[in-house]
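S.K.:
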Amino acid sequence: MASETRQCQNCRNSFAIEPDDFSFYEKIGVPPPTFCPECRMQRKFAFRNERTLYRDACDLCKKQIISMYSPDKPFTVYCRECWYGDGWDPLKFGREYDWNRPFFLQFREMQERVPRIALFSIRSEIGIDYANFIIGCRNVYLSYSIVNSESVYYSRSIDWSKESFDSLNCRELEMCYGNVDGARNYKSHHLVRSRDCIESRFLFDCVNCQNCFMSTNLRNRQFVFRDKQYSKEEYQRKIREINFGSNRVLNEIRKECFELMSRALHKYANIVKTTNSTGNNIENCKNVRQCFDAYDAEDIKYSNRVTKGSKDVYDNIGVASELLYEGIAGGFGSYGNNFFSFLEASQNIQYSDWCQNSASLFGCISLRKKQYCILNKQYAKEEYEPFVSKIIEHMNTMPYISKVTNDKGQITRGTSYKYGEFFPTEFSPFAYNESLANEYFPLTKEEVEHEGYVWRDPDPYPHQATLQVNAIPDHIREVSNSILNEIIACGSCKRSYRIIKSELEFLRRENLAIPRICQDCRYEERFNLRNPLKLWHRQCLCDYSIYPNTAKHSHHPEGRCPNEFETSYALERPEVVYCEQCYQAEVV
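Residue numbering for the sequence shown follows my numbering, beginning at 1130 and increasing consecutively.
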């Protein structure tokens, strides 16, 4: 089957459907998508709110809870104990299928009626009240999308880690602070795209380094200080001269590090031990194409946040399972699911939400250990498949039409949602600016409302600050325990934040200054260090006519390197971006 170019019915741009794409869609029995890969990703991100949390009350036991759903939303929200408990039966919310109305409208009504869990957590018990989307964790605080980790604070997308703070998209960290896009670092702080490093600070793109400071593009090195090699004694003397515990000194060092990173050599993509793959931040993978943030996986396409053991997956966000299509949080032990959000250990699920340990469900919400259900109503096994086939036919003959209007109230676009489309964005249980969509695909309030999505203005911060950042002592050793009782006004956004006991103990032990901005502003700084989830076609920038002192590379002894690639560095970016061959010739 040949490749086909089609027009996205959302953004109207052209996109290609490759032969292997058609083979996958045929294997799982779904039609090809009508949205382009970028619009498909944006649509799914709109259904995932990780970091915007609210105080509310459980709708069953009435106790105070932290929830990802704002209290003004129409949903029924239960605390973790009630949702997993036996005090309610999700089948009691079952309903007959209405052949006179589109399926998606019926599912939306189910969304508002069936109880949903306040925060997403699986196999996590202790110290998780202020964490969301966590699996197998304990003592995780104001952190999100965390897997099999302990004592993680103010972080996101951290796996298999312990005692780490203010980090983003890393795994196997221990006693680390401020790591971004890293792996297997120990007792190392402010590292970006670095892995297998020990007791190092302020590194960019360094691998297997120990006791190194303020350097880039290092491999297998020790005692490197500001890109210069020293003896152990010289290095230790120079590192002792830097007062890391001082906020003033730390700000100067961070500025120096940003400038150093801008001058560093940038590999076209952070792809390691991987074959036949495109995207960024991919390690130990095979046949992973147009994907971002993936490790230990194979045969994946158009997906993000792909974790260990994933295989044969298209268009998923947050996945650790097999044979999935168009879903969010596929969950461990799941197989053969299409068009879903938040599943665990389930098979043959379609158009369903928050289901666990179940099989053969269509249009269901919050079911556990159930089979052969449609819209939360139980059917006999022999009834189920014919009924699903009839619903699919109905979805195609009576699709839901999402209408976009202009300022005059005139319809400018009608998007058709037949079988094969993920849920319409306007059916997300979250406002657009609460969701991950606004982080990766930011829109203004006017743009959101023009598209027919929901915008929610943030609530006023409920706590009055008791301490201004300029009143915090400059050095960590001068900070007393009384700071634990203070509410600090963020030095950037003016919202308030607190220092907790475990954080203060860590900062003292590692001689790190007290942060002067809140956890949200710190997250934004880390997020801005990452490349977008998008690829551009570019040519390697290694060019002897521009950089005449560059060592000659065997594959292009003259002129500019002819190699081309797909990269997440946009064409207008200022970084020097090299292909794999030129990059390896320079850093090894």
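From the three backbone atoms N, C-alpha and C, an ideal C-beta is built for every residue, glycine too. Everything numeric in this text was worked out from a predicted model, so none of it was measured.
Need the endpoints of the beta strand (DSSP E) that PHE1333 sits in, please.
M.R.: Sequence index remark: in the sequence shown, residue 1333 carries index 204 (1-based). From DSSP, the beta strand (DSSP E) with PHE1333 extends over 1330-1333.
S.K.: Locate the beta strand (DSSP E) running through ASP1201, then write down its first and last residues.
M.R.: Reading the sequence shown from its first residue, position 72 is the one you call residue 1201. ASP1201 -> no beta strand (DSSP E), and no H or E assigned at all.
S.K.: From the DSSP output, in three-state form, read off ASN1376 for me.
M.R.: The residue given as residue 1376 occupies position 247 in the sequence shown. Here ASN1376 sits in helix by DSSP.
S.K.: Would you report the Cα separation of SER1280 and TYR1270, rounded to the nearest angstrom?
M.R.: Locating residue 1280 in the sequence shown gives position 151, counting from the first residue. Locating residue 1270 in the sequence shown gives position 141, counting from the first residue. Their backbone Cα atoms lie some 8 Å apart in a straight line.
S.K.: Can you list the alpha helix (DSSP H) stretches of 4 or more residues lying completely in the segment 1314-1373, in chain order?
M.R.: List check, alpha helix (DSSP H) in window: 1361-1369.
S.K.: Enumerate in chain order the residues of its own chain whose CB-to-CB distance from PHE1556 is below 6 Å, with the five nearest sequence positions on each side excluded.
M.R.: For this step, residue 1556 is matched to residue 427 along the sequence shown. Cβ within range, chain order: ARG1237.
S.K.: Quick check on VAL1206: does DSSP put it in helix, strand or coil?
M.R.: Position 77 of the sequence shown, counted from the start, is the residue given in the question as residue 1206. Strand at VAL1206.
S.K.: When every heavy atom of the ligand NAP is checked, does at least one fall within less than 7 Å of the C-beta of ILE1275?
M.R.: Among the ligands in the structure shown, none appear at all, so the ligand NAP cannot be discussed.
S.K.: For the segment 1485-1498 against the segment 1221-1240, do three or more pairs of beta-carbon atoms, one drawn from each stretch, fall closer than 8 Å, so that the two count as touching?
M.R.: The segment 1485-1498 is in contact with the segment 1221-1240.
S.K.: Does DSSP classify TYR1443 as helix, strand or coil?
M.R.: Within the sequence shown, numbered from 1, the residue matching residue 1443 stands at position 314. Strand.
S.K.: For GLY1543, write down the residues that DSSP places opposite it in a beta bridge.
M.R.: The sequence position of residue 1543 within the sequence shown is 414, counting from 1. GLY1543 pairs with LYS1532.
S.K.: Figure out for me which residue from PHE1153, LYS1156, ASN1142 and CYS1137 has the closest Cα to the Cα of THR1163.
M.R.: Taking the sequence shown and counting its residues from 1, one reaches residue 1163 at position 34. Considering only alpha carbons, the answer is CYS1137.
S.K.: Which partner residues does GLY1311 have in the DSSP bridge list?
M.R.: The residue given as residue 1311 occupies position 182 in the sequence shown. Its beta-bridge partners are CYS1299.
S.K.: Report buried or exposed for LYS1430, applying the criterion of at least 16 other Cβ atoms within 10 angstroms of its Cβ.
M.R.: Mapped onto the sequence shown, residue 1430 falls at position 301. Per the 10 Å Cβ criterion, buried.
S.K.: Any contact between the segment 1682-1700 and the segment 1651-1671? By contact I mean 3 or more CB pairs, one from each, below 8 Å.
M.R.: Yes: at least three Cβ pairs fall under 8 Å.
S.K.: When we look at the beta-carbon of GLN1476 and count the other beta-carbons within 10 Å, is it buried (16 or more) or exposed?
M.R.: As a first step, residue 1476 is located in the sequence shown; it is residue number 347 there, counting from the start. Flag for GLN1476 reads buried.
S.K.: Can you tell me whether DSSP reads PHE1694 as helix, strand or coil?
M.R.: Taking the first residue of the sequence shown as position 1, residue 1694 is located at position 565. PHE1694: strand per DSSP, three-state reduction.
S.K.: Please go through the same chain and pick out, in chain order, the residues whose beta-carbon is closer than 6 Å to the beta-carbon of TYR1652, but skip the five residues on each side of it.
M.R.: Taking the sequence shown and counting its residues from 1, one reaches residue 1652 at position 523. For TYR1652, where only same-chain residues beyond five positions count, there are no Cβ hits under 6 Å.
S.K.: Near ILE1275, which residues of its chain fall below 6 Å by C-beta distance, leaving aside the five closest residues on each side in sequence?
M.R.: Numbered from 1 along the sequence shown, position 146 holds the residue referred to as residue 1275. Around ILE1275: ILE1263, CYS1266, VAL1269, VAL1281 and ILE1287.
S.K.: Bridge partners of THR1134, per DSSP?
M.R.: Position 5 of the sequence shown holds residue 1134. Partner(s): ALA1145.
S.K.: Using a threshold of 8 Å, state whether the C-beta atoms of ARG1350 and CYS1338 are closer than that.
M.R.: Taking the sequence shown and counting its residues from 1, the one referred to as residue 1350 is at position 221. Taking the sequence shown and counting its residues from 1, the one referred to as residue 1338 is at position 209. Yes, they are a contact pair.
S.K.: Return the chain-ordered list of same chain residues with a C-beta closer than 7 Å to the C-beta of PHE1471, the five sequence neighbours on each side being excluded.
M.R.: Translated into the one-based positions of the sequence shown, residue 1471 becomes position 342. Within the same chain, PHE1471 has close Cβ partners PHE1249, ILE1457, ALA1458, ASP1482 and TRP1483.
S.K.: Entirely within the segment 1150-1225 and at least 3 residues each: give me those beta strand (DSSP E) ranges in chain order.
M.R.: With a minimum length of 3 residues, the continuous beta strand (DSSP E) runs that stay inside the segment 1150-1225 are 1183-1186 and 1193-1196.
S.K.: Please check the pair SER1432 and ILE1446, which I expect to be a contact at CB under 8 Å, by giving their CB distance rounded to whole angstroms.
M.R.: Taking the sequence shown and counting its residues from 1, one reaches residue 1432 at position 303. Taking the sequence shown and counting its residues from 1, one reaches residue 1446 at position 317. Contact holds; Cβ gap of about 7 Å.
S.K.: Relative to the C-alpha of VAL1321, which residue among GLU1695, ASP1334, THR1205 and GLU1473 is closest?
M.R.: The count along the sequence shown starts at 1 and reaches residue 1321 at position 192. The candidate whose alpha carbon is nearest that of VAL1321 is ASP1334.
S.K.: Within 10 Å of its beta-carbon, does LEU1379 have 16 or more other beta-carbons around it, so buried, or fewer, so exposed?
M.R.: As a first step, residue 1379 must be located in the sequence shown, where it is residue number 250. The residue is buried, with at least 16 neighbouring Cβ atoms inside 10 Å.
S.K.: Let me know if PRO1571 comes out buried or exposed under the rule of 16 or more other beta-carbons within 10 Å of its beta-carbon.
M.R.: For the purposes of this step, residue 1571 is identified with residue 442 of the sequence shown, where counting begins at 1. Burial call: exposed.
S.K.: Comparing alpha-carbon positions, which option in LEU1664, CYS1708 and LEU1658 lies nearest HIS1319?
M.R.: Sequence index remark: in the sequence shown, residue 1319 carries index 190 (1-based). Of the listed residues, the one whose Cα sits closest to HIS1319 is LEU1658.
S.K.: Report the residue from VAL1243, ALA1175, ALA1145 and ASN1178 whose alpha carbon sits nearest the alpha carbon of THR1205.
M.R.: Your numbering for residue 1205 matches position 76 in the sequence shown. Taking only the C-alpha atoms, the option nearest THR1205 is VAL1243.
S.K.: Under a three-way DSSP split, which group does ILE1628 fall into?
M.R.: Indexing the sequence shown from 1 puts residue 1628 at position 499. It is coil, neither helix nor strand.
S.K.: According to DSSP, simplified to helix, strand and coil, what is ASN1277?
M.R.: Mapped onto the sequence shown, residue 1277 falls at position 148. Coil at ASN1277, not helix or strand.
S.K.: For TYR1213, which residues of its own chain have a beta-carbon under 6 Å away from its beta-carbon, when the five flanking residues on both sides are left out?
M.R.: For the purposes of this step, residue 1213 is taken as residue 84 along the sequence shown, with counting starting at 1. Excluding sequence neighbours, TYR1213 sits near nothing in its chain.
S.K.: Tell me the DSSP bridge mates of CYS1420?
M.R.: Along the sequence shown, read from residue 1 onward, the residue named residue 1420 stands at position 291. Beta-bridge pairing links CYS1420 to GLY1408.
S.K.: Secondary structure at LYS1498, three-state DSSP: helix, strand or coil?
M.R.: As a position in the sequence shown, residue 1498 is number 369, starting the count at 1. Coil at LYS1498, not helix or strand.
S.K.: My output table needs one value for GLN1593: the three-state DSSP class, helix, strand or coil.
M.R.: For the purposes of this step, residue 1593 is taken as the residue at position 464 of the sequence shown. In the structure shown, GLN1593 sits in coil (DSSP, three-state: anything other than H, G, I, E or B).
S.K.: How would you label CYS1420, buried or exposed, when you count the other beta carbons within 10 angstroms and need 16 or more for buried?
M.R.: Numbered from 1 along the sequence shown, position 291 holds the residue referred to as residue 1420. Buried.
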